[in-house]
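Data block below; observations after.
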Amino acid sequence: MIYTVRNVSEIVCKIMARLPIPGSDDGTWGDILNSYLTVSHNTDGSLKPSAVTASGAADDSSVVHTAGAETVAGVKTFSSSPVVPTPTSSTQAANKSYVDSTVSVGAPDASTTTKGLVRLTGDLGGTATSPTVPGLAGKQAASGDLTAIATLAPADNDLLQRKSGAWTNRTPAQVKTDLNLTKSDVGLGNVDNTSDVNKPVSTTQQTALNAKADKTTTISAGAGLTGGGDLTANRTLAVSFGTAAGTAAQGNDGRIVGAIQASTFTAKGDLLAATAASTAARLGVGSNGQVLLADSAQSTGMKWANAPVDWINVVTAYGADPTGTTDSTTAIQNAINALPSGGSATGFVISSGGGTIYLPRGTYKVSNTLTVNNGLVRLIGDGRWSTVIKYTGTGDCIRMTVPAANTYMGGIEDMTIDGFSAGGVATGLHLGDGNQAKLDLTIQGFTATGSIGLHLDNTFAWTEQLHGIVHVNDNATNVVFNCTGTGYNSFARTALDIYVLASVGQDGVVLQNGVVLYDGSLSIRGNFSSSSTTPMSNAVLRITGQGSTSNNASTSYSRIQSCRLDIGVETVTNTYTPTTIIWGSGSNQIQACTGVLDFSTGNSPFTKAASPSTAQLVFSGTILGDRNLAGVGFGSYPGLIVGGPIGFGIGGLTPSSGNFFVGGGDFFSTTLTGNLTVTFQGVNALSTAQRKTIFIVQAASGGPYTVTWPKPGSPSLSSPAVYWPGGTAPTMSTGAGAIDKYVLETVDGSHWYGTASQNFS
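Per the working numbering, the sequence shown starts with residue 430, numbered consecutively.
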């Protein structure tokens, strides 16, 4: 413990303090007591930290003061805390913690110029001030060897040899003796001192020599040659020319002049060859793109004939650019023109004509119409999105037709026709007038008003058995069936699957100018959508127009007849209902068809734009996605016959004429709004057993109304009659809302027999 005191007299004074002695110290008790208390108490009465006895007091010479500078003698022990202040001079003391810290941090590593710490490890030994390398203790200094060598006197050809711990001079002979070398030791075991004249040649050399000709060998000059002899000298054989038999002839020899016909070319088809008659052979000129084929069936000689080329690669043969950088219109058209015309058939065999135009993977820039009118020509690519024709012009991109009526047509497959860069009103593919064309492609981007994606158009003949799959995306009108000029309206036995992606104002499929699809199938799939809230004017299917050509009577209306008709589209809507089928003013525009009509959204029921006076839709199948075609609600769809999954149908009333049409369905219903005449229309014209069930509901007010049935006369499949028990047709129940059930049955399609169950209420 270190005590802090001011001076020795204070310590002595404190040691001498005592308590008053009873019976003495009269008059000084207060001073003595105060003096005693000051030893252990402060003036405010609190205890001092410690008290020092006289025996424990130290004089100034043995005390280390906390302040001031002083000299300390002898061994002193200091506590580690508080830390002695950092010394600043060589005479100041520091405790062990300070010293250890300073040494560990401040001592540098030893170097050639700086004293510092040396770690003795590995090969080092000794002390830091005098390190050693114990491993070198038994090694001779290199300078000793050098010194020994330096003392040797050199001589020509002498060698230095380490011997008995020292270096010495040795001659080559001495070294040979020392080493005891033989010729085998240095790889010369086969070497000897045989003279050159006595040395043998190798086997290889002897073989080569044996193949050489002997100089005495003689070359004899044959007939017509000179210059023979042995090989002791160079020999040159020369031809002996002349004009007599047995001598060689030169170019001007009379024996050969005129014997070979000179090749003269004055017209197309001349050949660089001669016939047995020594005249130039000539073939027919042929057509562009044809080649010559040898016909080995000839009994003598060979006959050459023209043979057509029926497969052309537009890139390798005509230089079309598959990168889309340069215009490929001319190259592709030249390839098409190189194919021969044809396509007419004998029976079912195509005897000649046509071929294939191949567009390899790539994009082809086309700026003008590509015309294909030479029959059975196919344009094929490497896939819808691998081969793309990018059209930059106006009008038709591709016009495909045939040279004559009743001609077979090829088609277009595995490519896309793109019109997003078209210069104005344009059409992707304009095709018609041919038979059995095949389509398998995508047409997109012909968006300018009046543009068409696929234009199927008869201009002088008819189109039959057209088949394939077509994707039409974002075209002003996607597909049009049409007839113009002197074309016929027939697209018989067409079988097309059409996939449509359409926006506002874009029709899906349009039939116009009285064209007829019959005995075939038409499938329309796709998506009709818009981001607008304005009702869209486009239609999934638009049937409009009367005939307008000399071969198509003006009274004919466009229609789909006796076909498989499937419509399955999604009509994406916001706050409006798109029109799904738009009609013209003709009757039976969809008749005797089967299939499914599915306009799926729930917000877009089946609708139609016109209400003619006669039946427009005679359909046996299913209509889905329709919230308005339920119960007796068919009054708003005059002439509509809708089939269910098993062939049931419902017939509607046509108010303007008072006719109730019994068609191809099996179940019919209507509510009277006036007197009614039952008419067979669109009914299956089959001489087989059939049955029709009809519910007729009397008006709730304004009635009662009557029903008139077809009367017996001269019935036929086209004009059937109904026969009733007793020969008299039943009278319609007159009660408001009364329901009468009628069943009509036939075994031949002409004579129908009716029964009635009346007055259900």
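We put the CB at the ideal spot given by N, CA and C, even for glycine. All values reported here derive from a predicted model rather than from experimental measurement.
Query raised in the report: Roughly how many angstroms separate the alpha carbons of ALA637 and VAL738, rounded to a whole number?
Result: If you number the sequence shown from 1, residue 637 lands on position 208. If you number the sequence shown from 1, residue 738 lands on position 309. Rounded to the nearest whole angstrom, the CA to CA distance from ALA637 to VAL738 is 60 Å.
Query raised in the report: Do you know offhand how far ILE809's Cα is from TYR820's?
Result: Walking along the sequence shown from the start, residue 809 turns up at place 380. Walking along the sequence shown from the start, residue 820 turns up at place 391. Cα to Cα, the separation comes out at about 17 Å.
Query raised in the report: When the Cα atoms are used, what is the spatial distance from SER669 to GLN635?
Result: Mapped onto the sequence shown, residue 669 falls at position 240. Mapped onto the sequence shown, residue 635 falls at position 206. In a straight line, the C-alpha of SER669 is about 40 Å away from that of GLN635.
Requested in this report: Please go through the same chain and pick out, in chain order, the residues whose beta-carbon is closer than 7 Å to the beta-carbon of THR543, but skip the five residues on each side of it.
Outcome: Position 114 of the sequence shown holds residue 543. The beta carbon of THR543 is closer than 7 Å to those of PRO537 in its chain, skipping five residues each way along the sequence.
Query raised in the report: Do ARG954 and VAL998 have their C-beta atoms closer together than 8 Å?
Result: The count along the sequence shown starts at 1 and reaches residue 954 at position 525. The count along the sequence shown starts at 1 and reaches residue 998 at position 569. Result yes, Cβ atoms of ARG954 and VAL998 sit closer than 8 Å.
Requested in this report: Let me know if ASN918 comes out buried or exposed under the rule of 16 or more other beta-carbons within 10 Å of its beta-carbon.
Outcome: As a first step, residue 918 must be located in the sequence shown, where it is residue number 489. That one is buried.
Report task. Over the uninterrupted beta strand (DSSP E) stretch that includes LEU799, give me the two end residues. Result -> Here the question's residue 799 lines up with position 370 in the sequence shown. Run containing LEU799: 799-801, per the beta strand (DSSP E) assignment.
Query raised in the report: Helix, strand or coil for TYR787 per DSSP?
Result: Walking along the sequence shown from the start, residue 787 turns up at place 358. Strand.
Query raised in the report: In angstroms, rounded to a whole number, what distance separates the CA positions of GLY974 and GLY804?
Result: Looking up residue 974 in the sequence shown gives position 545. Looking up residue 804 in the sequence shown gives position 375. Rounded to whole angstroms, GLY974 to GLY804 spans 30 Å at the Cα level.
Report task. List the residues that DSSP assigns as beta-bridge partners of GLN873. Result -> The sequence position of residue 873 within the sequence shown is 444, counting from 1. According to DSSP, GLN873 bridges with ASP847, ASN902.
Query raised in the report: Would the beta-carbon of SER1186 fall within 8 Å of that of PRO1144?
Result: For the purposes of this step, residue 1186 is taken as the residue at position 757 of the sequence shown. For the purposes of this step, residue 1144 is taken as the residue at position 715 of the sequence shown. Result no, Cβ atoms of SER1186 and PRO1144 do not sit closer than 8 Å.
Query - Between the CA atoms of PRO516 and LEU549 - distance to the nearest angstrom - result: For the purposes of this step, residue 549 is taken as the residue at position 120 of the sequence shown. For the purposes of this step, residue 516 is taken as the residue at position 87 of the sequence shown. One C-alpha to the other measures close to 31 Å.
Query - Backbone secondary structure at PRO769 - three-state DSSP - result: Stepping through the sequence shown from its first residue, residue 769 is reached at position 340. The answer is coil: DSSP assigns PRO769 none of H, G, I, E or B.
Requested in this report: From the DSSP output, in three-state form, read off ASP1055 for me.
Outcome: Residue 1055 sits at position 626 when you count from the first residue of the sequence shown. In this predicted model, ASP1055 has a pLDDT of only 38, less than 50, meaning its place in the structure is not dependable enough to derive any value.
Query raised in the report: So which of THR754, CYS826, LYS477, ALA866 has the shortest CA-CA distance to VAL806?
Result: Translated into the one-based positions of the sequence shown, residue 806 becomes position 377. Of THR754, CYS826, LYS477, ALA866, the residue nearest in Cα terms is ALA866.
Requested in this report: Express the C-alpha separation of TRP891 and THR1137 in angstroms, rounding to a whole number.
Outcome: Here residue 1137 refers to the residue found at position 708 when the sequence shown is read from its first residue. Here residue 891 refers to the residue found at position 462 when the sequence shown is read from its first residue. Answer to the nearest angstrom: the Cα atoms are 43 Å apart.
Query raised in the report: What three-state label does DSSP hand TYR747 in the structure shown?
Result: Here residue 747 is taken as the residue at index 318 of the sequence shown, counted from 1. TYR747: helix per DSSP, three-state reduction.
Query raised in the report: With respect to the beta strand (DSSP E) encompassing LEU858, which residues constitute its N-terminal and C-terminal limits?
Result: Translated into positions along the sequence shown, residue 858 becomes position 429. Taken as a continuous stretch (DSSP letters only), the beta strand (DSSP E) holding LEU858 covers 855-860.
Query raised in the report: Do SER419 and ASP936 have their C-beta atoms within less than 8 Å of each other?
Result: An answer regarding residue 419 cannot be provided, because it is not within the stretch 430 to 1190 covered by the chain.
Query - Residues bridged to VAL795 [DSSP beta-bridge criterion] - result: Residue 795 sits at position 366 when you count from the first residue of the sequence shown. TYR820.
**Report entry** As assigned by DSSP and simplified to three states, the class of GLN1278
**Finding:** What the structure shows of the chain is the stretch from 430 to 1190, and residue 1278 is not part of that stretch, so it cannot be assessed.
Query raised in the report: Below 8 Å between beta carbons: does that hold for GLY1155 and GLN1127?
Result: For the purposes of this step, residue 1155 is taken as the residue at position 726 of the sequence shown. For the purposes of this step, residue 1127 is taken as the residue at position 698 of the sequence shown. It is not a contact, given that the beta carbons lie outside the stated cut-off.
Query raised in the report: Using the rule of at least 16 other Cβ atoms within 10 Å of the residue's Cβ for burial, across every protein chain shown, is PRO769 buried or exposed?
Result: The count along the sequence shown starts at 1 and reaches residue 769 at position 340. With 16 or more other Cβ atoms from the protein chains shown falling within 10 Å of its own Cβ, PRO769 counts as buried.
Query raised in the report: In whole angstroms, what is the alpha-carbon distance linking LEU895 and ALA924?
Result: As a first step, residue 895 is located in the sequence shown; it is residue number 466 there, counting from the start. As a first step, residue 924 is located in the sequence shown; it is residue number 495 there, counting from the start. Spanning the two alpha carbons is a distance of roughly 6 Å.
Query raised in the report: Per DSSP, what kind of secondary structure is THR878 in: helix, strand or coil?
Result: As a working note, residue 878 is residue 449 in the sequence shown. Coil at THR878, not helix or strand.
Requested in this report: Please report the residue range of the alpha helix (DSSP H) in which TRP458 lies.
Outcome: Position 29 of the sequence shown, counting from 1, holds the residue named residue 458. Run containing TRP458: 458-469, per the alpha helix (DSSP H) assignment.
Report task. Leaving aside the five residues before and after VAL831 along the sequence, list all residues of the same chain whose C-beta is less than 7 Å from its C-beta, in chain order. Result -> By 1-based counting over the sequence shown, the position of residue 831 is 402. Excluding sequence neighbours, VAL831 sits near GLY772, ASN802, GLY804, MET838, ASP862, GLY863.
Query raised in the report: Where does the unbroken beta strand (DSSP E) through LEU610 begin, and where does it stop?
Result: Against the sequence shown, residue 610 aligns to sequence position 181. Here LEU610 belongs to no beta strand (DSSP E), and DSSP marks it neither H nor E.
Query raised in the report: Roughly how many angstroms separate the alpha carbons of TYR787 and THR800, rounded to a whole number?
Result: For this step, residue 787 is matched to residue 358 along the sequence shown. For this step, residue 800 is matched to residue 371 along the sequence shown. Between TYR787 and THR800, the C-alpha separation is close to 15 Å.
Query - Buried versus exposed, by CB contacts within 10 Å (16 or more), THR836 - result: Taking the sequence shown and counting its residues from 1, one reaches residue 836 at position 407. It is buried - the Cβ of THR836 has at least 16 other Cβ atoms within 10 Å.
**Report entry** Identity of the residue in PHE889, GLY853, ASP843, GLN762 nearest THR871 by Cα
**Finding:** As a first step, residue 871 is located in the sequence shown; it is residue number 442 there, counting from the start. Out of PHE889, GLY853, ASP843, GLN762, ASP843 has the C-alpha closest to the C-alpha of THR871.
Query - Beta-carbon contacts of GLY564 that lie in its chain and below 6 Å, excluding the five residues immediately before and after - result: By one-based count along the sequence shown, residue 564 stands at place 135. Excluding residues within five positions, the ones whose Cβ falls inside 6 Å are ASP552.
**Report entry** For ILE1209, three-class secondary structure by DSSP
**Finding:** Lying outside 430 to 1190, the shown extent of the chain, residue 1209 is not represented and no answer is given.
Report task. Starting from the Cα of ARG993, find the closest Cα among VAL969, TYR947, ALA652, ASN967 and give me that residue. Result -> In the sequence shown, residue 993 corresponds to position 564, counting from 1. Out of VAL969, TYR947, ALA652, ASN967, TYR947 has the C-alpha closest to the C-alpha of ARG993.
Requested in this report: Find out if the Cβ-Cβ distance for the pair SER886, ASN911 is shorter than 8 Å.
Outcome: The sequence position of residue 886 within the sequence shown is 457, counting from 1. The sequence position of residue 911 within the sequence shown is 482, counting from 1. Inspection of the sequence shows that residue 886 is occupied by Asp rather than by Ser. With respect to the 8 Å criterion, ASP886 and ASN911 are classified as neighbours on the basis of their beta carbons.
Report task. Could I get the ranges of all uninterrupted beta strand (DSSP E) runs contained in the segment 885-970, with 3 residues as the minimum, in chain order? Result -> Fully enclosed beta strand (DSSP E) runs of 3 or longer: 896-902, 906-912, 924-931, 936-940, 945-947, 950-957.
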